[in-house]
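To start, the structure itself, in structure tokens.
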Amino acid sequence: MPPATLATRCGVPERTLRRWRAVYQADGLAGLARARRSDRGRRKIPDELVVFIEGLALRPPKPSVAAIHRQAASVATARGWPVPGYTTVSEVIRNVDPALVTPALEGTKRYWEVYDLVHRREASKPNQIRQADHTELDIWVIDASAKPSRPWLTLIEDDHSRAIAGYALNLEAPSALTIALALRHAIWRKSEPGWHVCGIPEVFHLDHGSDFTSAHLEQVMADLKVRPVFTKKGQPHGHGKIERVLETFNQMCLAHLPGYAPVGTPTGPARPP
1 MPPATLATRC GVPERTLRRW RAVYQADGLA GLARARRSDR GRRKIPDELV
51 VFIEGLALRP PKPSVAAIHR QAASVATARG WPVPGYTTVS EVIRNVDPAL
101 VTPALEGTKR YWEVYDLVHR REASKPNQIR QADHTELDIW VIDASAKPSR
151 PWLTLIEDDH SRAIAGYALN LEAPSALTIA LALRHAIWRK SEPGWHVCGI
201 PEVFHLDHGS DFTSAHLEQV MADLKVRPVF TKKGQPHGHG KIERVLETFN
251 QMCLAHLPGY APVGTPTGPA RPP
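What follows is the structure, given as structure tokens:
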């Protein structure tokens with residue numbers, strides 16, 4: 001079939017058909033494959049403009065892609081740079097690290113809610129990391145002076161096995177001495193045959209309460225060569241595991257006992273224990 005007739009039938013210029021035929025005769029089908037552009041995947045805009053677009057994307061309140069594109073195009077025109085297309089600007093915004101976007105647009109509190117537990121190191125063996133926390137139990141008891149009181153429970157949990165390593169129970173509010181006694185109990189071997197958890201931890205996770213940050217407890221951990229790690233102020237979710245244990249203890253172990261006083265119970269025991 002003459003090239004002119006084939007070009008008309010296929011809707012391709014005759015000159016293009018002749019070029020394709022020459023390439024095919026020289027290199028076969030491989031020669032007709034679409035060549036990959038050497039600049040494919042590379043942005044054609046300056047790095048300064050990329051940084052400008054990223055900066056706009058991180059400014060609260062969150063701007064639309066269209067608004068950022070208009071500003072980027074204006075700056076590019078003023079500087080004599082290639083004007084980026086809408087798709088290019090959208091790609092730059094999409095590739096901004098979410099770890100930057102979250103604190104910039106939603107605040108640092110939201111950042112820690114999203115990323116703190118994600119990046120928090122998990123223990124790979126027993127005694128590597130332990131957590132400590134305490135709670136006022138949801139139950140009323142009678143103390144030595146025949147007065148109703150709510151006891152405080154301090155627990156130390158092994159991060160790897162989730163086993164309780166030690167505890168302290170006291171009618172007074174927790175103090176550095178309470179934590180030290182619970183830590184001693186967690187380290188020593190137990191008299192109960194089935195309670196095998198013991199030993200000195202490498203890392204001890206604590207909150208920012210005055211009982212946890214006392215000089216006495218600091219000296220105890222220094223003597224034991226234990227590294228304390230404190231949760232961030234106002235962000236207690238780093239203690240999520242031990243808090244769940246305390247909550248479970250309150251709800252499942254105390255609910256059927258006389259003197260049980262769940263959250264919302266008026267001050268004072270509902271009935272004498």
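Those letters in the sequence shown? Residues 1 to 273, by the UniProt record's numbering.
In this text, a Cβ means the ideal position worked out from N, Cα and C, and glycines have one as well.
(1) Residue 354 and residue 180: beta carbons closer than 9 Å?
(2) Straight-line CA distance for residue 58 to residue 47?
(3) Is the beta carbon of residue 26 closer than 9 Å to that of residue 17?
(4) Roughly how many angstroms separate the alpha carbons of residue 147 and residue 171, rounded to a whole number?
(5) Would you mind working out which of 60, 52, 80 and 61 sits nearest residue 69, comparing C-alpha positions?
(6) Name the residue from 14, 94, 21 and 250 whose alpha carbon lies nearest to the alpha carbon of residue 154.
(7) Please determine, among 136, 224 and 196, the residue with the shortest C-alpha to C-alpha distance to residue 163.
(8) List, from N- to C-terminal side, the beta strand (DSSP E) runs of 3 residues or more that fit wholly inside the region 173-220.
(9) Given this structure, state the Cα-to-Cα distance separating residue 159 from residue 165, to the nearest angstrom.
(10) Below 8 Å on the Cβ atoms is my contact criterion, and I expect residue 129 with residue 203 to pass it. Report the Cβ-Cβ distance as a whole number of Å.
(11) Could you tell me the alpha carbon to alpha carbon distance between residue 95 and residue 134, rounded to whole angstroms?
(12) Residue 222: buried (16+ other C-beta within 10 angstroms of its C-beta) or exposed?
(13) Enumerate, from N- to C-terminal direction, the unbroken alpha helix (DSSP H) stretches of 4 or more residues contained entirely within the region 58-90.
(14) Just to confirm before moving on: does the CB-CB distance between residue 141 and residue 126 stay below 9 Å?
(15) Give every residue of the same chain whose Cβ lies closer than 7 Å to the Cβ of residue 82, excluding the five residues on either side of it in the sequence, and list them in chain order.
(16) So, under 8 Å CB-CB, residue 72 and residue 84 are touching, yes? Tell me the CB distance rounded to an integer number of Å.
(17) Given that a residue counts as buried once 16 or more other Cβ atoms are within 10 Å of its Cβ, and exposed if not, what is residue 78?
(18) What residue does the alpha helix (DSSP H) around residue 23 start on, and which one ends it?
(19) Quick check on residue 165: does DSSP put it in helix, strand or coil?
(20) Cβ atoms of residue 198 and residue 186: under 9 Å apart, would you say?
(21) Per the DSSP calculation, residue 152 is bridged to which residue(s)?
(22) For residue 228, report the span of its beta strand (DSSP E) as first-last.
(23) Put residue 245 into one of helix, strand or coil per three-state DSSP.
(24) List the residues that DSSP assigns as beta-bridge partners of residue 158.
(25) For residue 54, which of 12, 92, 23 and 123 has the nearest alpha-carbon?
Let's see:
(1) An answer regarding residue 354 cannot be provided, because it is not within the stretch 1 to 273 covered by the chain.
(2) On the sequence shown, residue 58 is found 58 positions in, with the first residue counted as 1. On the sequence shown, residue 47 is found 47 positions in, with the first residue counted as 1. When rounded, the distance between both Cα atoms is 17 Å.
(3) Here residue 17 corresponds to residue number 17 of the sequence shown, with the count starting at 1. Here residue 26 corresponds to residue number 26 of the sequence shown, with the count starting at 1. Contact flag unset, no.
(4) As a working note, residue 147 is residue 147 in the sequence shown. As a working note, residue 171 is residue 171 in the sequence shown. Using only the alpha carbons, I get a separation of about 11 Å.
(5) Position 69 of the sequence shown, counting from 1, holds the residue named residue 69. For residue 69, the nearest C-alpha among the options comes from 52.
(6) Working through the sequence shown from its first residue, we reach residue 154 at position 154. Minimum Cα distance to residue 154 is reached at 250.
(7) As a working note, residue 163 is residue 163 in the sequence shown. That would be 196, whose Cα lies nearest to the Cα of residue 163.
(8) 203-206
(9) Taking the first residue of the sequence shown as 1, we reach residue 159 at position 159. Taking the first residue of the sequence shown as 1, we reach residue 165 at position 165. Those two C-alpha atoms are separated by around 10 Å.
(10) Here the question's residue 129 lines up with position 129 in the sequence shown. Here the question's residue 203 lines up with position 203 in the sequence shown. Indeed, because the Cβ distance is near 5 Å, the residues count as touching under 8 Å.
(11) Counting from one through the sequence shown, the residue named residue 95 turns up at place 95. Counting from one through the sequence shown, the residue named residue 134 turns up at place 134. Each residue's alpha carbon lies about 43 Å from the other.
(12) Mapped onto the sequence shown, residue 222 falls at position 222. Exposed, since its Cβ has fewer than 16 Cβ neighbours within 10 Å.
(13) 65-79
(14) Here residue 141 corresponds to residue number 141 of the sequence shown, with the count starting at 1. Here residue 126 corresponds to residue number 126 of the sequence shown, with the count starting at 1. Cβ distance not < 9 Å, so residue 141 and residue 126 don't count as in contact.
(15) In the sequence shown, residue 82 corresponds to position 82, counting from 1. Counting only Cβ-Cβ distances below 7 Å, and skipping sequence neighbours, we find 44, 45 and 76.
(16) Counted from its first residue, the sequence shown places residue 72 at position 72. Counted from its first residue, the sequence shown places residue 84 at position 84. Their Cβ separation, rounded to whole angstroms, is 6 Å, which keeps residue 72 and residue 84 in contact under 8 Å.
(17) Here the question's residue 78 lines up with position 78 in the sequence shown. It is exposed - the Cβ of residue 78 has fewer than 16 other Cβ atoms within 10 Å.
(18) As a working note, residue 23 is residue 23 in the sequence shown. Looking at the DSSP string, the run of the alpha helix (DSSP H) that includes residue 23 is 14-27.
(19) Here residue 165 is taken as the residue at index 165 of the sequence shown, counted from 1. It is a strand residue.
(20) Along the sequence shown, one-based indexing puts residue 186 at 186. Along the sequence shown, one-based indexing puts residue 198 at 198. Contact flag set, yes.
(21) The residue labelled residue 152 in the question sits at position 152 within the sequence shown. Per DSSP, 136 and 170.
(22) Counted from its first residue, the sequence shown places residue 228 at position 228. Start and end: 227-230.
(23) Here residue 245 refers to the residue found at position 245 when the sequence shown is read from its first residue. Three-state DSSP puts residue 245 in a helix.
(24) Stepping through the sequence shown from its first residue, residue 158 is reached at position 158. In the DSSP output, where bridge partners are listed per residue, residue 158 has 130.
(25) Mapped onto the sequence shown, residue 54 falls at position 54. Here the closest residue by C-alpha is 92.
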